Amino acid sequence: MSKGIHLTEYHEAVRLWLKSKATWLKGVEYYPEITDTLETPCAFISVMGWEPVGEQPGNGQLAVNLHCEVLAVMGVKESTYQLDARNAAMFISVVLQDANFGLKAMPAKVVSADPDALDPELDAYSVWSIKYVQKVTIGMPTLEPDEERGIRLAVNPVNMDDPAEYHPLEDFNETNA
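Count along the sequence shown from 1, add 10, and you get the number used in my numbering.
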C-alpha cells in the first residue's frame, strides 16, 4: 500500500522531470522568492491548491486534484522574446500533458496557458503560466500493513513475541503440519 504522495516529493519529481524533458531550460525551481537576476530561460513550479475528489481510498489518505502551475520565464533581450515565451509555454504544455512524473499519480491534464503579469518581481521578464491539474493520493494510511511479511505462522512457539519463530505460510506444507 502506498503511503501517499508528500508535496515535497511531488515538487521534486516535477522539477526533475521537467529538467529532463526541457533541457534548454537553464533552471527549474520551486516558485521563487526572487532576490537576484534570473538566468533565462527558466521555469518555476508551484502547487496552487487542491480539492478532494469524489471517490476516496478510505484508508486515512486523501485523494485530491492538485492545481499546479509552471511559469515559463524568458529574458527580454532578444527581439523575439514574446514569440520565444509562447513557444516555451507550448512546449511545456505538450510535455506536461498526460505526465505522471514517475509518481503513482493519474496523468496530468493541462488546463490553460496564458501570459502572466501577476508577479511584480517578474516584470522584467516575459512570463507565461501553464496550469494543469493532477489527481494524486496524499497523506499516510492509518494502518500500514507490512507488505513483505504477508501471513506468517508459528507452530508451538516458545516465545510468541519472538518474530524469528514465525515463518511465511508458503514454508509450510502438509508434511510439516
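Backbone N, C-alpha and C fix where the C-beta goes; we use that ideal spot for every residue, glycine too. Remember, it's a predicted structure, so these values are computed and weren't measured experimentally.
Would DSSP call residue i helix, strand or coil?
i	result
residue 137	strand
residue 159	Unreliable positioning characterises residue 159 in this predicted model, as indicated by a pLDDT of 47, which lies under 50. The coordinate reading is nonetheless provided below. Residue 159: coil per DSSP, three-state reduction.
residue 143	strand
residue 165	coil
residue 173	helix
residue 94	helix
For residue i, which beta-bridge partners are listed by DSSP?
i	result
residue 60	76
residue 81	54 and 139
residue 148	15 and 72
From residue i to residue j, what distance separates their C-alpha atoms?
i	j	result
residue 64	residue 144	14 Å
residue 208	residue 90	With the chain represented from 11 up to 187, any question about residue 208 goes unanswered, as that position is not in the structure.
residue 157	residue 173	Note on residue 157: pLDDT 48, under 50, position unreliable in the model; no value is reported.
residue 127	residue 136	8 Å
residue 133	residue 114	36 Å
residue 52	residue 71	34 Å
residue 21	residue 177	41 Å
residue 168	residue 175	8 Å
residue 61	residue 77	8 Å
Under DSSP, the alpha helix (DSSP H) around residue i begins and ends at which residues?
i	result
residue 38	Counting along the chain, residue 38 falls outside any alpha helix (DSSP H), though it belongs to the beta strand (DSSP E) covering 37–40.
residue 122	Run containing residue 122: none in the alpha helix (DSSP H); it sits in the beta strand (DSSP E), 119–125.
Below 8 Å, can you find three or more Cβ-Cβ pairs linking the stretch 12–19 to the stretch 95–111?
-> Judged by Cβ distances under 8 Å, the stretch 12–19 makes no contact with the stretch 95–111, as fewer than three pairs qualify.
Three-pair Cβ contact test at 8 Å for the stretch 103–114 versus the stretch 17–34 = yes
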